[in-house]
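Colleague: Here it is, the structure, as structure tokens.
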Amino acid sequence: MSIVKWFCTLQSSVVDFNIDTTDDITAPTLLCILDNIKVTDHFDLDLKMSTPGFEYNKAIDIPSVIFCHSQWITLQSILNSSSRVLVLNESNLTLHDINSFLKHWLNGSNPKLEYISIRRSMKGNAIEEDIKEAFQIITKDLEVREHEENEKRPMRISM
């Protein structure tokens, strides 16, 4: 019996779940964690995937999620998600994927979402080579306006 399945025999859910290791994880191990451990509030995952080409398309139904090496998360997974907070670092989502997500979100998908941060995997580059072009791709067919501070609306969320 794996440690994950053993853990699940002890309790049906966990409020906060954090995995932070320098070890890599395989796709079967990650799937075992995602499919068997019910996290009710916050999931923080900081480890690298050792299975090249692995993609996760299922919904993420955890209120607050932080994935530090999220190359395996797909647009479909995000669109099916019911998270309130979603932080994806080193994501393989394309600029077109981000544009597609924004369009879906503006049309009512992800109604619980309050905060999203997507930091793309840049393959050694600090920023996009052409930031102006990247912005145009992300905002294509979207109404864009400059943010103005409004003290009546909170600018922080609790995690």
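The opening residue of the sequence shown carries number 1 in full-length UniProt numbering; numbering runs sequentially from there. In this text, a Cβ means the ideal position worked out from N, Cα and C, and glycines have one as well.
(1) Run through the DSSP bridge pairs and tell me what N18 is partnered with.
(2) Can you list, in chain order, the residues of its chain with a C-beta nearer than 6 Å to that of T26? Leave out the 5 residues immediately preceding and following it.
(3) Give me, in chain order, the residues of the same chain whose beta-carbon lies closer than 6 Å to that of K140; leave out the 5 immediate sequence neighbours on both sides.
(4) Would you kindly work out how many angstroms separate the C-alpha atoms of M1 and A59, rounded to a whole number?
(5) Please list the terminal residues of the continuous alpha helix (DSSP H) segment that includes S100.
(6) Tell me which residues share the same chain as F43 and place their Cβ nearer than 6 Å to its Cβ, disregarding the 5 neighbours each side in the sequence.
(7) Go through its chain and collect everything with a Cβ distance to L142's Cβ below 8 Å, but skip five positions before and after it.
(8) Assuming contact is defined by CB atoms lying nearer than 8 Å, are N89 and C68 in contact in what I supplied?
(9) Give the range of the alpha helix (DSSP H) segment to which residue 169 is assigned.
(10) Return yes when the Cβ of I33 is within less than 8 Å of the Cβ of V14, no when it is not.
(11) On a Cα-Cα basis, can you pick out the residue from S82, P28, D97 that is closest to K39?
(12) How should R119 be labelled, buried or exposed, when 16 other C-beta atoms within 10 angstroms of its C-beta is the threshold for buried?
Modeller: By the coordinates alone:
(1) D44
(2) S50, T51
(3) N99
(4) Because M1 sits at a pLDDT of 49, beneath the cut-off of 50, its placement in the model cannot be relied upon, and the following sentence gives the value as read from the coordinates. Cα-Cα distance, rounded: 26 Å.
(5) 95 to 106
(6) F17, I62, V65
(7) N99, L102, K103, L106
(8) Their beta carbons are under 8 Å apart, which means N89 touches C68 by this criterion.
(9) Look at the range of the chain in this structure, 1 to 159, and you will see that residue 169 is not part of it.
(10) no
(11) In the sequence under discussion, the amino acid at residue 39 is Val, which differs from the Lys named in the question. Checking every option, the nearest Cα to that of V39 belongs to S82.
(12) Under a 10 Å Cβ-count criterion, R119 is classified as exposed, with fewer than 16 other Cβ atoms of the shown protein chains found around its own Cβ.
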